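Visitor: First to last, the sequence lines map onto chains A and B. For the first sequence, the working numbering gives the first residue as 1, with consecutive numbering after it. For the second sequence, the working numbering gives the first residue as 296, with consecutive numbering after it.
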Amino acid sequence: MSASYTSTEMMAIAAARLLRNDDVCFVGIGAPSLACNLARLTHAPDITLIYESGTVGARPDVLPLSIGDPELCETARTTVSVPEMFAYWLQGGRISVGFLGGAQLDRFANINSSVIGPYDQPKVRLPGGGGAPEIAALCRQTYVVMAQTKRSFVKRVDFVTSFGFGEGGDDRQRLGIKTAGPTLVITDLCVMRPDPTTKELVVTALHPGVTREQVAENTGWPVRFADPLEVTPSPTDEELSTLRDLQRRTAEAHAAKPAPSGVSADPSTSLGMTTGGVIPSERSESRDLHPGSAA
Amino acid sequence: MTQFPPLHDATPTYVPDGSTIALEGFTHLIPFAAGHEIVRQQKRDLTLVRMTPDLIYDQLIGMGCARKLVFSWGGNPGVGSLHRLRDAVEHAWPRSLEIEEHSHAAMAAAYAAGAAGLPCAILRGYAGSDLIAHNTNIRSVECPFTGEKLAAVPAIRPDVAIVHAQRADRAGNVLIEGITGVQKEVVLAARSAIVTVEEIVADLRAPSPNSTVLPAWTITAIAVAPGGARPSYAHGYYARDNAFYIAWDAISRDRDQFTRWMREHVLETPVEAVA
Numbered sequence: 001m002s003a004s005y006t007s008t009e010m011m012a013i014a015a016a017r018l019l020r021n022d023d024v025c026f027v028g029i030g031a032p033s034l035a036c037n038l039a040r041l042t043h044a045p046d047i048t049l050i051y052e053s054g055t056v057g058a059r060p061d062v063l064p065l066s067i068g069d070p071e072l073c074e075t076a077r078t079t080v081s082v083p084e085m086f087a088y089w090l091q092g093g094r095i096s097v098g099f100l101g102g103a104q105l106d107r108f109a110n111i112n113s114s115v116i117g118p119y120d121q122p123k124v125r126l127p128g129g130g131g132a133p134e135i136a137a138l139c140r141q142t143y144v145v146m147a148q149t150k151r152s153f154v155k156r157v158d159f160v161t162s163f164g165f166g167e168g169g170d171d172r173q174r175l176g177i178k179t180a181g182p183t184l185v186i187t188d189l190c191v192m193r194p195d196p197t198t199k200e201l202v203v204t205a206l207h208p209g210v211t212r213e214q215v216a217e218n219t220g221w222p223v224r225f226a227d228p229l230e231v232t233p234s235p236t237d238e239e240l241s242t243l244r245d246l247q248r249r250t251a252e253a254h255a256a257k258p259a260p261s262g263v264s265a266d267p268s269t270s271l272g273m274t275t276g277g278v279i280p281s282e283r284s285e286s287r288d289l290h291p292g293s294a295a
Numbered sequence: 296m297t298q299f300p301p302l303h304d305a306t307p308t309y310v311p312d313g314s315t316i317a318l319e320g321f322t323h324l325i326p327f328a329a330g331h332e333i334v335r336q337q338k339r340d341l342t343l344v345r346m347t348p349d350l351i352y353d354q355l356i357g358m359g360c361a362r363k364l365v366f367s368w369g370g371n372p373g374v375g376s377l378h379r380l381r382d383a384v385e386h387a388w389p390r391s392l393e394i395e396e397h398s399h400a401a402m403a404a405a406y407a408a409g410a411a412g413l414p415c416a417i418l419r420g421y422a423g424s425d426l427i428a429h430n431t432n433i434r435s436v437e438c439p440f441t442g443e444k445l446a447a448v449p450a451i452r453p454d455v456a457i458v459h460a461q462r463a464d465r466a467g468n469v470l471i472e473g474i475t476g477v478q479k480e481v482v483l484a485a486r487s488a489i490v491t492v493e494e495i496v497a498d499l500r501a502p503s504p505n506s507t508v509l510p511a512w513t514i515t516a517i518a519v520a521p522g523g524a525r526p527s528y529a530h531g532y533y534a535r536d537n538a539f540y541i542a543w544d545a546i547s548r549d550r551d552q553f554t555r556w557m558r559e560h561v562l563e564t565p566v567e568a569v570a
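1. Which residues in the same chain as A58(A) place their Cβ atom closer than 7 Å to its Cβ, once the five residues preceding and following it in sequence are excluded?
2. So what's N537(B) in DSSP terms, helix, strand or just coil?
3. I think A407(B) touches A416(B), with their Cβ atoms under 8 Å apart; what is that distance to the nearest whole Å?
4. Does the Cβ of G181(A) have 16 or more other Cβ atoms within 10 Å, making it buried, or fewer, making it exposed?
5. Can you tell me whether DSSP reads P260(A) as helix, strand or coil?
6. In this structure, does DSSP put T75(A) in helix, strand or coil?
7. Hey, would you say the C-beta of G220(A) is under 7 Å away from at least one heavy atom of the ligand SAH?
8. Which chain B residues are close to T161(A), counting only those with a beta carbon under 8 Å from its beta carbon?
9. With C-beta atoms as the reference, is I316(B) less than 8 Å away from P449(B)?
10. Find out if the Cβ-Cβ distance for the pair A529(B), E493(B) is shorter than 8 Å.
11. Name the residue from R535(B), G467(B), R555(B) and R550(B) whose alpha carbon lies nearest to the alpha carbon of A255(A).
12. Name the two residues that bound the continuous alpha helix (DSSP H) containing S487(B).
13. Who are the neighbours of H254(A) on chain B, taking C-beta pairs under 8 Å?
14. Taking Cβ-Cβ distances below 8 Å as the criterion, which residues of the region 361-390 of chain B are in contact with chain A?
15. What are the boundary residues of the beta strand (DSSP E) that Q141(A) is part of?
16. Can you give the beta carbon distance from Q354(B) to G330(B), rounded, assuming they're within the 8 Å contact cut?
17. Threshold first: 3 residues or longer. Then list the beta strand (DSSP E) segments lying entirely within the region 87-151 of chain A, N to C.
18. So I417(B) contacts chain A; which residues on that side make the cut at Cβ distance below 9 Å?
19. Taking 8 Å as the CB-CB limit, is A400(B) close to chain A?
20. For C36(A), count the other beta carbons within 10 Å of its own beta carbon; 16 or more makes it buried, fewer makes it exposed. Which is it?
21. Using beta-carbon positions only, say whether A44(A) and L19(A) come within less than 8 Å of one another.
22. Quick one, which of R212(A), G117(A) and L100(A) has its alpha-carbon nearest L34(A)'s?
23. Could you name the residues of the region 67-88 of chain A whose beta carbon sits closer than 7 Å to any beta carbon of chain B, in the order they occur along the chain?
24. Quick one: list the residues of chain A neighbouring V477(B), beta-carbon separation under 8 Å, in chain order.
25. Could you give the distance in angstroms between the alpha-carbon of I495(B) and the alpha-carbon of A520(B)?
26. Measure the Cβ-Cβ separation of P235(A) and M10(A) and say whether it is below 8 Å.
27. Given that Y528(B) touches chain A, what residues does it touch there, using C-beta distances under 7 Å?
28. Which same chain residues, not among the five before or five after Y309(B), have their C-beta less than 6 Å away from its C-beta?
29. Below 8 Å, can you find three or more Cβ-Cβ pairs linking the region 339-352 of chain B to the region 361-380 of chain B?
30. Mind checking whether V436(B) and A422(B) have CB atoms under 8 Å apart?
31. Do N371(B) and E395(B) count as a contact pair if the criterion is CB distance below 8 Å?
32. To the nearest angstrom, report how far apart F539(B) and G473(B) are at their CA atoms.
33. What does the alpha-carbon distance come out to for the pair A383(B) and L41(A)?
34. Using DSSP bridges, identify the partner residues of D454(B).
35. Please report whether the beta-carbon of Y421(B) lies at a distance below 8 Å from any beta-carbon of chain A.
36. Which of helix, strand or coil does DSSP assign to L189(A)?
What follows is the structure in structure tokens.
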């Protein structure tokens, strides 16, 4: 049995487990990069990680702060130009899994990483879509990794930056999109999957120690639960130690005091973003999950 | 003939007020020294084009140089917001800023179309995105062969492209290594191109027949600016200053603190002192 761990660690580990050794992943900075590299350092040593800066098959020893850190290029199988990256590799259909995150996600897995409030007079101007609008449409499927709060998991996003299932049903097909879209949402509380017909997100697994009430309280729509409802296996000692080693190496390399802690006070950053990604320490209070108490 | 002027002479010649300029470099080789010279010379009403505005456009916007921004991702990578960009969009400080927002795929394709001399770029893009409704430059065309509806955006043809590179030889041929981003495309798309380099050498030492080399006759002017990409990086020369990117969050959050920092580190610091 493993030691105690945080909800953010559980999220990264749950996301990492879903990746396969033969996956080709389009990786965003933050939680996706953490999950993908954790997978590479544990059960999926041959996984191909592609960052939109053009680095194909990167094997960084520490997590990059930006999408184009030197570490990525130095460890990559090859580095291509950015137009080539988006045209040949993403649009060309070479990516099996794209990772996305954002400030807001709605019940049909549409993602907002552009603005809170009206576009022309935004309350919060977020960084924008970057690679995400095409990642959402052109990877064979996408996984969303996002910390879950009532503010971020909303009934309807203020702005659709990246299309999930629109209004549900066959909206993707009607727009001519041929890929499966967001097949998984991994949060710090649970795992959600779209209903096969309506495409509304349904909770299919709770992380250990998390209750249905907690999930409902942190979701901005009346969320449904699958029957039977699974429980995510607790992190193993190997997963936790690999994750923590990676984060320790990363913090030392970035020469940051305890991760970018000043960041979480900012409403826009606590909402999280970057292309397909969320920011590592965006949630100031990571919930402590003690598997012991659930057992 | 490629010119080799000092940076402070190149800037007024090629960057008049009101021009459309693109300082590119995808995280890597961001031309900070050239951007700082534009700030020092107090250029105004510029249209700034760049996929990832990064700290350099945050500085130009906060110093009031820009009228319009064309971009696809405007954050401090891995850290959070660009506070000066946000302040301009949310509160029109120090002046209002028009924005034209794209996706990365579209901007990369638009640069490639500019380099290829085409009027527009075509891509399978923006499907279902609300960006279409807020940017009249995102349109669609029907493929004449399959009937598929595809996104179209106008080619990017800046008045001036400004990039940083590792080195040039004395004839003015430029070598770019590492993450090349859209460096080659923006230079070939622009009406004129200024390149800052770490050093000028007798032999370019291009490591492979497929190295990214921009021939001298594609470059308008080359200025030597050692360290000219800092706090971004130059592959093979120096590393990215991630600690500064993190520190910028606090520096840029407050208008007065930002202005003080710019005065001390840019306005009153000539380009030679940075090297």
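The beta carbon of each residue, even a glycine, is placed where N, CA and C say it ideally should be. Please read all numbers here as calculations on a predicted model, not as lab measurements.
Guide: Considering the structure as presented:
1. Along the first sequence, one-based indexing puts residue 58(A) at 58. These residues qualify, in order along the chain: L49, Y51, L72, T75 and A76.
2. For this step, residue 537(B) is matched to residue 242 along the second sequence. Helix, per DSSP.
3. What you label residue 407(B) is simply residue 112 of the second sequence in a count that begins at 1. What you label residue 416(B) is simply residue 121 of the second sequence in a count that begins at 1. Indeed, because the Cβ distance is near 7 Å, the residues count as touching under 8 Å.
4. On the first sequence, residue 181(A) is found 181 positions in, with the first residue counted as 1. Buried, since its Cβ has 16 or more Cβ neighbours within 10 Å.
5. Locating residue 260(A) in the first sequence gives position 260, counting from the first residue. With a pLDDT of 37 at P260(A), under the threshold of 50, the modelled position of that residue is not reliable, and the figure given next carries that caveat. Of the three classes helix, strand and coil, the one that applies to P260(A) here is coil, per DSSP.
6. As a working mapping, residue 75(A) is identified with position 75 in the first sequence. T75(A): helix per DSSP, three-state reduction.
7. As presented, the structure is devoid of all ligands, the ligand SAH included, so that no description of it is given.
8. Residue 161(A) sits at position 161 when you count from the first residue of the first sequence. Those within 8 Å of T161(A) in chain B are S424, D425 and L426.
9. Along the second sequence, read from residue 1 onward, the residue named residue 316(B) stands at position 21. Along the second sequence, read from residue 1 onward, the residue named residue 449(B) stands at position 154. No, Cβ-Cβ distance for I316(B) and P449(B) is not below 8 Å.
10. Numbered from its first residue, the second sequence carries residue 529(B) at position 234. Numbered from its first residue, the second sequence carries residue 493(B) at position 198. Cβ distance < 8 Å, so A529(B) and E493(B) count as in contact.
11. As a working mapping, residue 255(A) is identified with position 255 in the first sequence. A255(A) has its Cα closest to that of R535(B), out of R535(B), G467(B), R555(B) and R550(B).
12. Translated into positions along the second sequence, residue 487(B) becomes position 192. It is not in any alpha helix (DSSP H) - S487(B) instead sits in the beta strand (DSSP E) that spans S487 to V496.
13. Your numbering for residue 254(A) matches position 254 in the first sequence. Neighbours of H254(A) on chain B, chain order: N537, A538 and I541.
14. F366, S367, W368, G369, G370, P372, G373, V374, G375, S376, L377, L380, R381, V384 and E385
15. Taking the first residue of the first sequence as 1, we reach residue 141(A) at position 141. Per DSSP, Q141(A) belongs to the beta strand (DSSP E) from Q141 to V145.
16. Here residue 354(B) is taken as the residue at index 59 of the second sequence, counted from 1. Here residue 330(B) is taken as the residue at index 35 of the second sequence, counted from 1. Correct: roughly 7 Å between the Cβ atoms.
17. 97-100 and 141-145
18. In the second sequence, counting from the first residue as 1, residue 417(B) sits at position 122. Within 9 Å Cβ-Cβ: nothing; I417(B) doesn't reach chain A, min ~10 Å.
19. Along the second sequence, one-based indexing puts residue 400(B) at 105. Yes - at least one Cβ of chain A is within 8 Å of the one on A400(B).
20. Along the first sequence, one-based indexing puts residue 36(A) at 36. Looking at its Cβ environment, which holds 16 or more other Cβ atoms inside 10 Å, C36(A) is buried.
21. The residue given as residue 44(A) occupies position 44 in the first sequence. The residue given as residue 19(A) occupies position 19 in the first sequence. Cβ atoms of A44(A) and L19(A): closer than 8 Å.
22. Within the first sequence, residue 34(A) is the residue found at index 34, counting from 1. It is L100(A).
23. I67, G68, D69, P70, C73, T79, S81, V82, P83, F86 and A87
24. In the second sequence, the residue the question calls residue 477(B) occupies position 182. What V477(B) touches in chain A: S81, V82 and P83.
25. In the second sequence, the residue the question calls residue 495(B) occupies position 200. In the second sequence, the residue the question calls residue 520(B) occupies position 225. Roughly 10 Å separates the two Cα atoms.
26. The residue you call residue 235(A) lines up with position 235 of the first sequence. The residue you call residue 10(A) lines up with position 10 of the first sequence. Cβ atoms of P235(A) and M10(A): closer than 8 Å.
27. Here residue 528(B) is taken as the residue at index 233 of the second sequence, counted from 1. Chain A residues near Y528(B): P70.
28. Walking along the second sequence from the start, residue 309(B) turns up at place 14. The residues are V455, S487 and I489.
29. yes
30. For the purposes of this step, residue 436(B) is taken as the residue at position 141 of the second sequence. For the purposes of this step, residue 422(B) is taken as the residue at position 127 of the second sequence. In this structure, A422(B) does not lie closer than 8 Å to V436(B) by Cβ.
31. Your numbering for residue 395(B) matches position 100 in the second sequence. Your numbering for residue 371(B) matches position 76 in the second sequence. No; because the gap between Cβ atoms is not below 8 Å, this pair is not in contact.
32. Translated into positions along the second sequence, residue 539(B) becomes position 244. Translated into positions along the second sequence, residue 473(B) becomes position 178. If I take the Cα positions, the gap works out to 21 Å.
33. One-based indexing of the second sequence puts residue 383(B) at position 88. One-based indexing of the first sequence puts residue 41(A) at position 41. When rounded, the distance between both Cα atoms is 42 Å.
34. Translated into positions along the second sequence, residue 454(B) becomes position 159. Paired residue(s): none; D454(B) is not in a bridge.
35. Along the second sequence, read from residue 1 onward, the residue named residue 421(B) stands at position 126. Yes, Y421(B) lies at the interface with chain A (some Cβ there is under 8 Å from its Cβ).
36. Within the first sequence, numbered from 1, the residue matching residue 189(A) stands at position 189. Coil at L189(A), not helix or strand.
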